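Residue numbers (our numbering): 1431 to 1661.
No residue lacks a Cβ here, since even glycine has one placed at the ideal position from N, Cα and C.
For clarity, every value in this text was computed on a predicted model and none was experimentally measured.
Contents: one structure, followed by commentary.
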Amino acid sequence: MTRLWGVRPSWRTEVLGEFFCPGCGGDRNYRRQQGRRWLRLFGAPVVPMGPVGTSVQCTACRSRYAPSALERPTCTRLSGMLRDAQYTIALAVLAAGGTANRLTREAACGVIREAGFEDCGEAQVLAALAALSGIGSADPVPGGDSPLDEVYGGIGSGLAIELHAALEPLAPHLAPQGLERLLLQGAWIALADGPYRPAERDALAAVGHCLALAADQIDELLAVAARTPHP
């Protein structure tokens, strides 16, 4: 039997999109909706009872979540962020160590191809490196060099900016093992032609900083990479 009266919300859709649904465990479509409670008589709304607030509803499982659920990237977006991070780390370490050594160039290109840029060869990598390394280097702040150059040494402020942009939004969404793997990939590039150069260590420290790794953790990982052959 239909209830004579009751209080139930009514929802108005504001935005449609795609998100990672915690209930489904994958990328799904969502509705972001504003709700208002209504006193209903025979199912029909008759008296408004106040706002419910905003919620996000998965169109597949119909579960509702707080708007903060949209802060987590979709699987597709996360995969793209990870590719960009690997690419940027490879460029930063290559810039710090120099491009003259063939082994270092090959190691950097190998990481970039492993990240998913299969068609990105050495020529494209060196062209991107030249473009990014020049950003900011010709425009020092008045009275001195760029602050980013002071912190990150030989990688240049252009690549320092790229590291921040690529790694910091990604770091909260990776497990500790994933963060460590990114730093180790950069370390293996630096070690391809021998022990770390000071500029390479500075670049790797910058990578670790952007990944929110502690300084002692960065040092330990770099030491492990130096003792362990590239898998």
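Around CYS1550, the same chain offers ILE1542 as residues with beta carbons nearer than 6 Å, after the five sequence neighbours per side are excluded. In this structure, DSSP gives ASP1457 an extended state, which the three-state scheme calls strand. GLU1544 is classed as exposed because its beta carbon has fewer than 16 other beta carbons within 10 Å across all chains shown. In this structure, GLN1615 sits near GLN1516, with a CB-CB distance shorter than 8 Å.
Under the three-state reduction of DSSP, GLY1483 is assigned to strand. For GLY1465, the closest of SER1509, GLN1487 and GLU1548 by C-alpha to C-alpha distance is GLN1487. Exposed is the label assigned to GLU1548, since fewer than 16 other Cβ atoms lie within 10 Å of its Cβ. Spatial neighbours of GLU1610 in its own chain (CB-CB distance under 7 Å, excluding positions within 5 residues in sequence) are listed in chain order as LEU1651.
Going by DSSP, THR1489 is part of no alpha helix (DSSP H) at all; its letter is neither H nor E. Residue state for GLU1448 is assigned as strand, using DSSP reduced to three classes.
For PRO1439, the three-state secondary structure derived from DSSP is strand.
Per DSSP, SER1509 is one residue of the alpha helix (DSSP H) stretching across 1505-1527. Here ARG1494 carries a strand assignment [DSSP, helix/strand/coil].
Membership of ASP1646 in the alpha helix (DSSP H) is indicated by the continuous run 1645-1657. When secondary structure is reduced to three states using DSSP, PRO1606 falls in the helix class.
For the set ALA1620, HIS1639 and LEU1593, the Cα lying nearest the Cα of ARG1513 is the one of LEU1593.
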